[in-house]
Structures are given as structure tokens and as C-alpha cells.
Amino acid sequence: MNINVSNDKIKEYQLKMLQSNRVNKKRFTLDRMKDLIMLSEFNNEIDGLLNQQTSDIDIDGLESLDNRLQSILYEKDLYASKLLQLESSPPFDINDPSLNLSKESAFLETNAYHSEHQSNKIIERLEWEIEIQSYKNIEYSQIDIDIKCMDSSIQQQQQQQQQQQDSMDISSPHFKSYILTPSNIYVSLKITSNNDDNQIRLEFYYYPTLKIVTVLPMLNDNEEDGQQVLESIDINDRGLTTPNQSNHFIFGNETFSLSTHKLKGRPFKWAQYITGLSFLPEISMEDLHNKNYHLYNFKPKTTNEIMKLVINQINQYNV
């Protein structure tokens, strides 16, 4: 059976179909572009938070970063829910009444139509829906990758925050290790006796958190002999107590003991003065009751005086 359709009506039908196709594809593409832009902004915000991490402990900064992280997690969950709703939405239907398209029968001069034409229409609609579904699968796969990357970044952020929190817990091994770790830079000084029989090596270590300097002596590669030489410099200073009284409060109620916390060397008081640190001297009960004693008259030994005493000791030392 032959069906006659006017060219103007066919063109009008094709134009409406083309416009509908463009509008819906454009609307679909814009929605996906907005999704990708939002996810990109989330990734940029997380990268910014990661760049703010430093080795210094900043309690206020840590709380601010934690609040920001929780906000991003909340927004991410809302966005993932939105994408889930988009995935579960029904497929595009060319016969949807909301598209306001005229039925094909309105363009035909007779109510009868060829079965082959109906088959072509079904094939075209199926091809269209397959194309849209394929595009959706590609977009959702990329979104899944972005979300996984975001989850990985958030996990790293949480691990860094946990490490900082552990470092601030005085009962944590990380905290004690941080407190009792000296600077990587130290000073090594070698002094040889006049007859070249003895050699002492003095290593000066600085502890940034404790704010003290320790001296590790090695006389002819023997630490005990080296400690005896340094103990003879001042009979009242054997380097067995910390000169910084604030160290006793650093572990809470636990008193800071050099015998418990293994430091490199001993924090002799004279070592603090010759390296530029300054602490008040210990005042004996005798000085406390002495009206003529004045704290400002205290003068620590100079570096030259300390080195002369060390040289005299190793010159007199007998193996």
C-alpha cells in the first residue's frame, strides 16, 4: 500500500525531532558537565587541605582542617546520592508527553501506514537510547574514578590528622620519640694531648623540643673515660639533671629523668652557656641566706676556660 505524505509535513516532523534531540542531549550534557565541575572543585579543595599540612603541630589548624574535611565529606555524600538518583532515572522515551511532540499519524494523509516505516522508527529509537546509555556509562565510569580518587585523598588526610593527634598525646610513643629526638645537625670537636697519646672527641647535640644541649665525650673511643674528664670541669655539675626546669612538665605528671630517657650524652650546665643557651644558676641554701650574694654577679665559664680545662685533663690522663 502506498502512502502519500506532503514534503512540508515531513520536513516539519524531522525538524521537531531534530530540535527535541538537540535539547535533550544538550540538557543531559550540561547536567554531566556540572557534575564533573563540582567533583573537580571538591578535588581542588582537598588538594588545598593537603598542602596546608606541615610538620609543626598546630591544634587550632588541626581543628579547622577537621571541620573542613567533615564539610567536604557531607557534600560528597549528597553529591553521590544525586548521581545515584540520576542513574536510577527511567531511560529517555521519544513518546514522552512532556516533549510535546505531535504524533506521527498527524503527518500522514491516510490512517494506514507501511509496516516497514514503523520498524525503522523502532530501530531509530533503540539506537538513540543505546547511544545515550553508552554515553551515560562513560560519564558514570569517570565519576566513579573521581570519587575513588577523592576517597583515597580523604583517607590520606585522615591518616595525617591521626598521626598529628598521636604526636600530641603524651602517652603515645610518637610523642616521646618526637620529644627525645635531637637535631640531625651536631658539632664534633677533636682534641689531642701534647704527646699524642690521648684524644678526646666531644659531640654536641641540640634537642629542639627540650631546648637543651648535650655533650657526648669519647676519650680514646671510651665514653666512660670521657665522662670522667668532663665531670672534673665542675664538681657541682656532673650533667645528671636537666638545666631546663620546664622539661619536668613535658610528660605531664611524670618527672623528667635522664636515666629513664636515653639522651645522647649529658646536658652539662657549662655546655649550655658556651653554645648560647641561658639558664638561671642553681642557688644553694648558703647563697640564699647570704646577703652579699647577688644573682647578677654570676659569671659562667667561657669556651676558652672550658677547653683549657679539658686539655689539661687529657694531658694528665694516664691510660
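Here the working numbering = 1-based position in the sequence shown + 34. In this text, a Cβ means the ideal position worked out from N, Cα and C, and glycines have one as well.
- If you check the CB distance, Ile246 and Trp304 do not come in under 8 Å.
- The secondary-structure analysis by DSSP pairs Arg159 with nothing; it has no beta-bridge partner.
- Counting only runs of 3 or more residues that sit fully inside the segment 224–283, the beta strand (DSSP E) segments are 233–241, 246–253, in chain order.
- Rounded to the nearest whole angstrom, the CA to CA distance from Glu265 to Gln306 is 15 Å.
- Between Glu237 and Ser227, the gap from beta carbon to beta carbon reaches 8 Å or more.
- If you compare the alpha carbons of Gln195, Leu311, Tyr351 with that of Gly260, the shortest gap goes to Tyr351.
- Secondary structure of Phe209 (DSSP, three-state): helix.
- Here the alpha carbons of Ile284 and Phe290 stand approximately 8 Å from one another.
- Between Leu297 and Tyr240, the alpha-carbon positions lie close to 10 Å from each other.
- Assignment of Ser115 by DSSP, reduced to helix, strand and coil, places it in the helix class.
- For Ser217, same chain residues with a beta-carbon under 8 Å away, outside a window of 5 residues either side, are Tyr239, Tyr240, Tyr241, Pro242 in chain order.
- Only buried fits Glu173, as 16 or more other CB atoms lie within 10 angstroms of its CB.
- In this structure, Leu253 sits near Ile234, with a CB-CB distance shorter than 8 Å.
- Straight across, the Cα-Cα distance linking Pro301 with Lys182 is about 51 Å.
- Inclusion of Asn278 and Leu244 in the CB contact set at 8 Å is warranted, their separation being smaller than that value.
- Beta-bridge partners assigned by DSSP to Val344: none are found.
- For Thr294, the closest C-alpha among the options Arg102, Leu214, Ser187, Leu117 is that of Leu214.
- Assigned with DSSP and collapsed to three states, Ser217 falls in coil, not helix or strand.
- Exposed is the label assigned to Ile156, since fewer than 16 other Cβ atoms lie within 10 Å of its Cβ.
- The beta carbon of Ile80 is closer than 6 Å to those of Ser187 in its chain, skipping five residues each way along the sequence.
- Spanning the alpha carbons of Gln194 and Thr309 requires a straight line of approximately 35 Å.
- Under DSSP, Arg300 takes part in a beta bridge, and its partners are Val249.
- Taking the Cβ atoms as the reference, Ile177 lies roughly 21 Å from Leu103, outside the contact range of under 8 Å.
- Cβ-Cβ separation between Val263 and Ile348: approximately 7 Å, consistent with a contact (criterion under 8 Å).
- Partner residues in the beta bridge of Ser222, as assigned by DSSP, are Glu237.
- Secondary structure at Tyr351: coil, using DSSP grouped into helix, strand and coil.
- Taking C-beta atoms under 8 Å as the contact rule, Leu322 and Ile267 fail to qualify, at a distance of about 25 Å.
- The shortest CA-to-CA distance from Asp185 to any of Leu311, Ser211, Leu107 is the one to Leu107.
- Of the residues Asn229, Met72, Leu96, Ser98, the one whose Cα lies closest to the Cα of Asp111 is Met72.
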